[in-house]
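Take a look at the structure below.
Residue numbers (my numbering): -3 to 136.
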């Protein structure tokens, strides 16, 4: 699904959740990195869409994402039951966990339309077909 995002900006420097979601993202937008000022932190669903669950160490396609490292990456959302924790995707084994926002992890900035959650994305049409509202396709 990452193909629906216009651009990704990889960044391996370890930083806290706030340093990533606010400081780093704001810096990219202020400097109009790549000619754009609409950079944002990816959702956990967007980051998880990069995971190749057939492999570990790393759990992503290194041929496509050559500058990504098999580390923990911050997602933009807060872990609901614990506002002091943010979502982290581990690109070594493909795990999704919540970690304290003060911990240092990697970040990757994205721009483009946000990938919706599966609950909001698919519609059961009641006739044996499912519509994907994001890709605008129908499955049978």
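Every residue, glycine too, gets a C-beta built ideally from N, C-alpha and C.
- DSSP, read as helix, strand or coil, puts residue 13 in helix.
- By the Cβ test, the stretch 63 to 76 is in contact with the stretch 33 to 41, since at least three Cβ pairs between them sit closer than 8 Å.
- With a threshold of 16 other beta carbon atoms within 10 Å, residue 63 falls short and is exposed.
- DSSP places residue 107 in the uninterrupted beta strand (DSSP E) bounded by 101 to 107.
- When the beta-carbon positions are compared, residue 103 and residue 130 stay at least 8 Å from each other.
- Residue 69 carries a strand assignment under DSSP once its states are collapsed to helix, strand and coil.
- Sorting 133, 107 and 105 by C-alpha distance to the C-alpha of residue 118 places 133 at the top.
- DSSP links residue 82 through a beta bridge to 74 and 95.
- In the three-state DSSP reduction, residue 117 falls in the helix class (H, G or I).
- With respect to residue 24, residue 85 sits apart: the two C-beta atoms are not nearer than 8 Å.
- Residue 95 is classed as buried because its beta carbon has at least 16 other beta carbons within 10 Å across all chains shown.
- DSSP places residue 36 within a strand segment (E or B) once states are collapsed to three.
- Closest in alpha carbon position to residue 105, among 15, 14, 92 and 35, is 35.
- In the structure shown, the three-state DSSP call for residue 21 is helix.
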